[in-house]
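Contents: one structure, followed by commentary.
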Amino acid sequence: MRLVIADRRRAAAGPEAEGRFRDILWPASFPDAPRARVHAYVLATLVVITSVCAAFRGFYWADDPQVNRYRPGLLGVAQAIGGPFVLMAVPLLLMFAVLAGALRSWPRGLYWVLAAVAWTMSAATILLVLLATSVTNDNTYCSANAAVDPVSGTVVVLCLVAALAAGSLAGWFAWVISRRRARPVALYAVWLATVATAVVLTLAVPLHAAQTCGPSGIG
């Protein structure tokens, strides 16, 4: 009889434990706050797109002497990487504020006004970031006028998957270090910051290694 009761208890606790573990590895799910989930996914999407643009701006044209003329050294690369994040700083902060409002049940009027402003600014600014990145990657920047060995889409996808895995691992570490007391929003912040950093770092190697300027380039 005791064995049966113990088995039932384990069976009842199993799905809850599995759900908690899934929420730690994927903090954007916010199972207890469905209204916040949409904003969490949108914020994560904005951060990933911004990170990809930052990596392309910083490393894709690194072998072009025309580009190196006006951004020499590590400081120039850092400025190129930071450009998209500077443009997206206000929209990202607004979207995070909307996420916090959804988690804390802010007054409906304030919440919807802030959400409208955040979504509008995010949509407009991310388009500006994409446009600025596409202009930076214009073939006129390359002396050969064509990318000889561009980065494949498969490599980019693999880097994104690796970055998401790194974010999940960082979230799990944060949960363990906090003795299982870290709040979902804290785990989400750790996960998001790690994903953004990992996207830039993982893309840096293939982007820098890709020969974007042909042998006919200057120098």
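Per my numbering, residue 1385 is the first one in the sequence shown, and the count goes up by one each step. We put the CB at the ideal spot given by N, CA and C, even for glycine. The structure presented is a predicted model; accordingly, all values stated were derived computationally and were not measured.
Reduced DSSP secondary structure (H/G/I, E/B, other) of residue i
i, result
"Arg1492", "helix"
"Val1535", "coil"
"Thr1586", "helix"
"Pro1475", "helix"
Whole-angstrom distance between residue j and residue i, CA atom to CA atom
i, j, result
"Tyr1444", "Ser1413", "33 Å"
"Ala1417", "Thr1429", "19 Å"
"Ile1355", "Gly1442", "Since the first residue of the chain shown is 1385 and the last is 1603, residue 1355 is not available in this structure."
"Ala1593", "Leu1544", "17 Å"
"Arg1564", "Gly1555", "11 Å"
"Ile1510", "Val1535", "22 Å"
"Ala1558", "Ala1484", "20 Å"
"Ala1588", "Val1519", "19 Å"
"Met1505", "Leu1476", "9 Å"
Nearest neighbour of residue i, chosen from the options [CA to CA]
i, options, result
"Val1574", "Pro1590, Trp1490, Ile1561", "Ile1561"
"Ala1438", "Met1472, Trp1410, Thr1538", "Met1472"
"Tyr1495", "Thr1509, Phe1480, Leu1542", "Phe1480"
"Val1422", "Phe1405, Trp1503, Val1497", "Trp1503"
"Gly1537", "Phe1440, Ala1424, Leu1498", "Phe1440"
"Val1497", "Thr1586, Ala1507, Arg1488, Leu1478", "Leu1478"
6 Å Cβ shell around residue i - same chain, five flanking residues per side excluded
i, result
"Val1431", "Leu1576, Ala1580"
Same chain, Cβ closer than 8 Å to residue i, neighbours up to 5 away in sequence not counted
i, result
"Val1513", "Ile1433, Thr1434, Cys1437, Pro1468, Leu1471, Met1472"
Boundaries (first-last residue) of the alpha helix (DSSP H) holding residue i
i, result
"Tyr1444", "Here Tyr1444 belongs to no alpha helix (DSSP H), and DSSP marks it neither H nor E."
"Pro1418", "1418–1439"
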